[in-house]
Each structure stands twice: as C-alpha cells, then as structure tokens.
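To start, the structure itself, in structure tokens.
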Amino acid sequence: MKNYKVKLIFLFFICIVFTLVSCTSEKATESKMESRTENLDRFREIVKERNTYSRDTVHLILMCDDTIEFDQSEISVNEGQYVILMFGHLEEKVNSKVRHNFVLLSQGVIIEDFKIKAANAEKTEYVPANSENVIISTGLMGGGSSEFISFDAPPKGTYDYICSVPWHPHGAMVGKFIVK
Ligand SMILES: [Cu+2]
C-alpha cells in the first residue's frame, strides 16, 4: 500500500512538471511569433518611407532568422533599376544566437573559392576588404537588426548571393540574384 502511494505521488509530480514544461515552451513560441510579425511590420514601414525616389527604384526585403536560411532563394530586378534592399534578422534580440550577412557576388565568382577567403576575413565580418568578388554586402545581423543597402542593378545576368559566415554559404544560404 505504501509503495502504491509513493508511486501515485511520483506520478503526480511528473504530471505537474510536464504541464509546466509544455506551458513554457508554448509561451516562448508565441512571443517569438509576435516578434516576427512586429519586426516585419516595422521593416515594411521603413521601406514605404524610403519610397520617395524619382528613379526607377525597386524595394526588396530579404529576411533571415536563427536557422541557416534566407527567406527567399531568388530575387529578380530589372536592368537599370536602383535597388534598395533591406536585410533583416527576424529573431528576438535577446534570444538570437546566429548572425548572418548578405553578400552579392560578382558574376563568375566560384562560391567554394570565395567561402575560403570569407572565412579568413573575420575582422571585416567575413567580407574580404576591397574584394572585386563582391558587388555589395551588409554587415553581420543579429536578432532584431536590419540594414539597408542601395546600389545600381548590375548588368543583365544571374548573380549569386550568399551569407558568408563560415559554414553558412551552402544550401539555403545561397540564392540567385537575377537581373532581367
Ligand atoms: Cu548566415
């Protein structure tokens, strides 16, 4: 009988612990989702505010989070357009652990070769200084941060964009930047 009681008490505690754990993780997911929506709304507002150029301008938003991926694997613009690109990290600042950048590579650059040069350029946030391999790049973004870059679309063609943080420029942290 005593043994039965002990088992019952143990089971009761297990249930309490399980309930507590599941509540906490649900809450964490919820607040992460809120922060994503808030961030995205804020980013969209900034882009709208900047939409005052008389030139043929294209506004792009590229996002990342704590996973090793960009939210888009292909971006298209037209030749002659002025490109304003916002690169943002959707994760909450406090909890974010993974930083990323956006690097648009010149045509013909072999990603595998560039990866090695980038890995050795830690001091310049994994973008080799004055490199003719790079058309434009952002700094490293952590959770909640964003950066605008603007540039003239390069000549017609297909270019690669990557995150050059070591181990990132593969799979989903590589995309095509197409100029039509
Ligand atoms: Cu990355």
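The opening position of the sequence shown corresponds to residue -1 in this note's numbering, with each subsequent residue numbered one higher. Glycine is no exception: its CB is placed at the ideal position from the N, C-alpha and C atoms. Quick caveat: nothing in here was measured; it's all calculated off a predicted structure.
DSSP places V45 in the helix class (H, G or I) of the three-state scheme.
With a cut-off of 8 Å, the C-beta of I109 is classified as distant from ligand 1, since no heavy atom of the ligand falls inside that distance. For E145, the enclosing beta strand (DSSP E) has its first and last residue at S144 to D150. For F85, the enclosing beta strand (DSSP E) covers residues Y80 to H87. It is roughly 11 Å from the alpha-carbon of G106 to the alpha-carbon of E130. Of the candidates D64, K46, K95 and V75, the residue whose Cα lies closest to the Cα of F175 is V75. Partner residues in a beta bridge of I108, as assigned by DSSP, do not exist.
Taking all protein chains shown into account, G173 has 16 or more neighbouring C-beta atoms within 10 Å of its C-beta and is therefore buried.
Going by C-alpha positions, M171 is about 16 Å away from I134. Per DSSP, the continuous beta strand (DSSP E) segment holding K174 begins and ends at V172 to V177.
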